[in-house]
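S.K.:
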Amino acid sequence: MVKASDKQTFCSSDSSIPYEYKPDDLVVALSSSGETERTIHYAESAYNPISESTPVVSITTNPDSTLAGIAKKTKGLVVEIPGKSKADRADYQERQFLGQHEPLTLGGTLGELYTLEFILDAIGSAISTEPVMEYHNKFWNKVKSYDPDPSQFRRLHEMLPEPINYSNPRDERAFPNKTIVGGLELSGVIARAFSIRLAHCAGEDEERFVYFYKDAGNIAARKNDLVLIFSGSGQEFWTRVLEPVKSVEAKIFAVTSFGNSPLGKMADAIIEVPGRKEFRDRSKLENPPKDPGGALYEIRSILATEIFIHCLVKEEKISIKAVESKHSQLT
């Protein structure tokens, strides 16, 4: 959920987000199901039954959802996007049971991916002043030109620490190996999303230990842990950060545009995702793109990680029951 005011933009995860909206503000609320409690909470604050409400733009797969209803009440806009709706839960569960749909695949995140597509098209068209479909075709043709190397994905699977099995009495590892995922700025957003998705990839009685490096200050890398870094430029900053990690014999994997970058050379293996055009300025740790065209690395990385998750779930035969047991109850 984003609130924009006087060209200022706030995310619902920001502690600085204003809780009182003005009529000339705009609230953009994103929820594939249209029923996410936290998103609804922020959107509801925009409705004022006495005076003028703050308009809400609802982006959802379900035009009959609670979130869509709020957008209509505030005289905002409902943007309906395609995706796998959970509106008919019984039918959804029946199809899952019959094996017609697999969780944690590209199909399971169609709503989120189409939302991203819609937002990038809107921003790119506005910045370039090109018609939306003209910009859409040009930009996504560039994205689709990425040709992943299957061997690099297999290597990541080989290096990935195994989940701990609580039902196996022989699995008495006091400190099971873990995966630590990191990235800065927009790459950090991709990294955090991947860490959440990867943590879901474990059997019913298993748990895969995955952490985003900024979530806790006490995450200590140990021997045979995996540290996975997203950095388009492969900047030297990460080599300094990872020196202590290397010294304890943890494994390092990089998702970068430059295999010959400082990070690429330091990593034990990489997935090379083209998109970043040049090494990042040493004086800048964060260099956000000015338009979607400058974020080709990040967009392709999203698709690359979704491909990996799809293959991992299929390879390890993860069931719907196991997946649902890993979903957070706090949304």
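Our numbering applies: residue 341 is where the sequence shown begins, and numbers increase by one. For glycine and all other residues, C-beta sits at the position ideal for the given N, C-alpha and C. Source: prediction; values computed, not measured.
(1) So, is threonine 349 buried or exposed, given that buried needs 16 or more other C-beta atoms within 10 angstroms?
(2) Mind checking whether the beta-carbon of alanine 369 lies closer than 7 angstroms to any heavy atom of the ligand MN?
(3) What separation, rounded to the nearest whole angstrom, lies between the Cα atoms of tyrosine 361 and serine 573?
(4) I need the straight-line Cα distance from aspartate 565 to serine 405, nearest angstrom please.
(5) Excluding the five sequence neighbours on either side, which residues of its own chain have a C-beta within less than 8 angstroms of the C-beta of isoleucine 610, listed in chain order?
(6) Taking the C-alpha atoms as reference points, what is the distance between serine 665 and tyrosine 506?
(7) Would you mind stating whether serine 535 and phenylalanine 552 have Cβ atoms separated by less than 8 angstroms?
(8) For isoleucine 463, which residues from the same chain have a beta carbon less than 8 angstroms from its beta carbon, with the 5 sequence-adjacent residues on both sides left out?
(9) Considering only C-alpha positions, which residue in the set Thr579, Lys484, Met499 is nearest to leucine 643?
(10) Would you mind working out which of Pro389, Glu392, Ile390, Ser371 sits nearest tyrosine 382, comparing C-alpha positions?
(11) Taking 8 angstroms as the limit between beta carbons, can you name the residues of its chain near glycine 543, skipping five residues before and five after?
(12) Among Asp365, Val397, Pro516, Gly522, which has the Cα closest to the Cα of serine 571?
(13) Within its chain, find whatever has a CB closer than 7 angstroms to the CB of lysine 482; leave out the 5 residues flanking it on each side and keep chain order.
(14) Among Ser352, Leu450, Ser601, whose alpha-carbon lies nearest the alpha-carbon of serine 373?
(15) With a 10 Å radius around its C-beta and 16 neighbouring C-beta atoms as the bar for buried, classify glutamate 638 as buried or exposed.
(16) What are the complete beta strand (DSSP E) segments, minimum 3 residues, inside the stretch 520-567?
(17) Using only the alpha-carbon positions, how far apart do threonine 414 and arginine 532 sit?
(18) Within 10 angstroms of the Cβ of phenylalanine 648, are there 16 or more other Cβ atoms? Answer buried if so, exposed if not.
(19) Less than 8 angstroms between the beta carbons of valine 613 and tyrosine 486, yes or no?
(20) Could you tell me if serine 641 is buried or exposed, where buried requires 16 or more neighbouring beta carbons within 10 angstroms of its beta carbon?
(21) Looking only at C-alpha atoms, which of Val396, Pro363, Thr401, Glu375 sits nearest to isoleucine 390?
(22) Could you spell out where the beta strand (DSSP E) holding valine 367 opens and where it closes?
(23) Should lysine 591 be labelled buried (16 or more other beta-carbon atoms within 10 Å of its own) or exposed?
(24) Going by DSSP, which residues form a beta bridge with serine 398?
(25) If we ignore side chains and look at the alpha-carbon of each, how far apart do glycine 423 and alanine 369 end up?
(26) Determine the DSSP secondary structure at isoleucine 569, reduced to helix, strand or coil.
(27) Taking leucine 568 and threonine 519 to be in contact with their CB atoms under 8 angstroms, please state how far apart those CB atoms are, rounded to whole angstroms.
(28) Helix, strand or coil for glutamate 612 per DSSP?
(29) Could you tell me how far apart the beta carbons of glutamate 420 and proline 403 are, in whole angstroms, since I believe they sit closer than 8 angstroms?
(30) So for phenylalanine 598, helix, strand or coil by DSSP?
(31) Alpha carbon to alpha carbon, what distance is there between valine 472 and aspartate 461?
(32) Using only the alpha-carbon positions, how far apart do glutamate 576 and alanine 411 sit?
M.R.: Well, looking at it:
(1) Start at 1 with the first residue of the sequence shown, and residue 349 comes out as number 9. Exposed.
(2) As far as ligands go, the structure on display features none, and thus does not contain the ligand MN.
(3) As a first step, residue 361 is located in the sequence shown; it is residue number 21 there, counting from the start. As a first step, residue 573 is located in the sequence shown; it is residue number 233 there, counting from the start. C-alpha of tyrosine 361 to C-alpha of serine 573: approximately 39 angstroms in a straight line.
(4) In the sequence shown, residue 565 corresponds to position 225, counting from 1. In the sequence shown, residue 405 corresponds to position 65, counting from 1. Going by the C-alpha atoms only, they are around 42 angstroms apart.
(5) In the sequence shown, residue 610 corresponds to position 270, counting from 1. Around isoleucine 610, the same chain offers Gln492, Phe593, Ala594, Val595, Thr596, Gly599, Gly604 as residues with beta carbons nearer than 8 angstroms, after the five sequence neighbours per side are excluded.
(6) Taking the sequence shown and counting its residues from 1, one reaches residue 665 at position 325. Taking the sequence shown and counting its residues from 1, one reaches residue 506 at position 166. Their backbone Cα atoms lie some 14 angstroms apart in a straight line.
(7) The residue labelled residue 535 in the question sits at position 195 within the sequence shown. The residue labelled residue 552 in the question sits at position 212 within the sequence shown. Yes; because the gap between Cβ atoms is below 8 angstroms, this pair is in contact.
(8) Numbered from its first residue, the sequence shown carries residue 463 at position 123. Excluding residues up to 5 positions away in sequence, Asp631, Pro632 lie with their Cβ nearer than 8 angstroms to the Cβ of isoleucine 463 in the same chain.
(9) As a first step, residue 643 must be located in the sequence shown, where it is residue number 303. For the options Thr579, Lys484, Met499, the alpha carbon positioned closest to that of leucine 643 is the one of Lys484.
(10) Taking the first residue of the sequence shown as position 1, residue 382 is located at position 42. Restricting attention to Pro389, Glu392, Ile390, Ser371, the CA atom closest to the CA of tyrosine 382 is found in Ser371.
(11) Taking the sequence shown and counting its residues from 1, the one referred to as residue 543 is at position 203. Correct list, in chain order: Pro503, Asn505, Glu656, Ile658, Ser659, Ala662.
(12) Along the sequence shown, one-based indexing puts residue 571 at 231. With distances taken between Cα atoms, serine 571 lies closest to Gly522.
(13) Here residue 482 refers to the residue found at position 142 of the sequence shown. Cβ neighbours of lysine 482 beyond the five flanking positions: Leu636.
(14) As a first step, residue 373 is located in the sequence shown; it is residue number 33 there, counting from the start. Nearest neighbour of serine 373 by Cα position, chosen from Ser352, Leu450, Ser601, turns out to be Leu450.
(15) The count along the sequence shown starts at 1 and reaches residue 638 at position 298. Counting the other CB atoms within 10 Å of its CB gives glutamate 638 a total of 16 or more, which places it among the buried residues.
(16) Qualifying beta strand (DSSP E) stretches, in chain order: 550-552.
(17) In the sequence shown, the residue the question calls residue 414 occupies position 74. In the sequence shown, the residue the question calls residue 532 occupies position 192. Roughly 32 angstroms separates the two Cα atoms.
(18) Sequence index remark: in the sequence shown, residue 648 carries index 308 (1-based). In the assembly as shown, phenylalanine 648 is a buried residue. Its beta-carbon has 16 or more other beta-carbons within 10 Å.
(19) Against the sequence shown, residue 613 aligns to sequence position 273. Against the sequence shown, residue 486 aligns to sequence position 146. Between valine 613 and tyrosine 486, the gap from beta carbon to beta carbon is short of 8 angstroms.
(20) Taking the sequence shown and counting its residues from 1, one reaches residue 641 at position 301. So serine 641 ends up on the buried side.
(21) In the sequence shown, the residue the question calls residue 390 occupies position 50. Taking only the C-alpha atoms, the option nearest isoleucine 390 is Pro363.
(22) What you label residue 367 is simply residue 27 of the sequence shown in a count that begins at 1. Segment 366-370, the beta strand (DSSP E) holding valine 367.
(23) Position 251 of the sequence shown, counted from the first residue, corresponds to residue 591. That one is buried.
(24) As a first step, residue 398 is located in the sequence shown; it is residue number 58 there, counting from the start. Serine 398 pairs with Ala369, Val418.
(25) Within the sequence shown, the letter at position 83 stands for residue 423. Within the sequence shown, the letter at position 29 stands for residue 369. In a straight line, the C-alpha of glycine 423 is about 16 angstroms away from that of alanine 369.
(26) In the sequence shown, counting from the first residue as 1, residue 569 sits at position 229. Secondary structure at isoleucine 569: strand, using DSSP grouped into helix, strand and coil.
(27) Counted from its first residue, the sequence shown places residue 568 at position 228. Counted from its first residue, the sequence shown places residue 519 at position 179. Contact flag correct, Cβ pair sits at about 6 angstroms.
(28) Within the sequence shown, numbered from 1, the residue matching residue 612 stands at position 272. Reduced to three states, the DSSP call for glutamate 612 is strand.
(29) As a working note, residue 420 is residue 80 in the sequence shown. As a working note, residue 403 is residue 63 in the sequence shown. Confirmed, about 5 angstroms.
(30) Counting from 1 along the sequence shown, the entry for residue 598 is found at position 258. Note: phenylalanine 598 maps to coil in three-state DSSP.
(31) For the purposes of this step, residue 461 is taken as residue 121 along the sequence shown, with counting starting at 1. For the purposes of this step, residue 472 is taken as residue 132 along the sequence shown, with counting starting at 1. About 6 angstroms.
(32) By 1-based counting over the sequence shown, the position of residue 576 is 236. By 1-based counting over the sequence shown, the position of residue 411 is 71. When rounded, the distance between both Cα atoms is 46 angstroms.
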